[in-house]
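In this note's numbering, the protein residues as written are 134 to 243.
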């Protein structure tokens with residue numbers, strides 16, 4: 134099962150926080166598309182949009198906690214016991230784990 138499948142399974146079983154629900158209502162239903170996307174695809178894409186453009190909108194702590202749980206569930210992030218700024222691999226082209234707020238986020242460099 135892919136990370137997207139796991140994320141989709143998790144998010145479909147959850148109630149979205151109010152701000153994120155409002156954003157998704159607009160993102161999934163108001164923006165014209167040639168194809169229909171799922172809630173998980175919308176959230177996944179929305180996260181990427183916010184990472185690319187910091188002025189694209191805002192995320193409050195409730196949204197961040199919610200998304201963090203989904204990323205952990207999908208296996209893209211993992212809980213950690215100890216905080217470290219970076220734990221780099223030997224090769225700069227391999228994945229790096231960024232640890233923040235007791236969660237390790239997988240970072241795939243360009």
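Beta carbons: idealized from backbone N, C-alpha and C, even for Gly.
Check                                                                                                                                                                          : Outcome
Give the straight-line distance between the Cα atoms of residue 141 and residue 206, rounded to the nearest whole angstrom.                                                    : 10 angstroms
Looking at the secondary structure, which residues open and close the alpha helix (DSSP H) in which residue 154 lies?                                                          : 151 to 158
Can you give the beta carbon distance from residue 161 to residue 199, rounded, assuming they're within the 8 angstroms contact cut?                                           : Not really, about 16 angstroms apart at Cβ, beyond 8 angstroms.
Can you find the residues in the same chain that come closer than 6 angstroms, C-beta to C-beta, to residue 196, ignoring five residues on each side of it along the sequence? : 150, 152 and 153
Count the other CB atoms, across all protein chains shown, that sit within 10 Å of the CB of residue 203; report buried if there are 16 or more and exposed otherwise.         : buried
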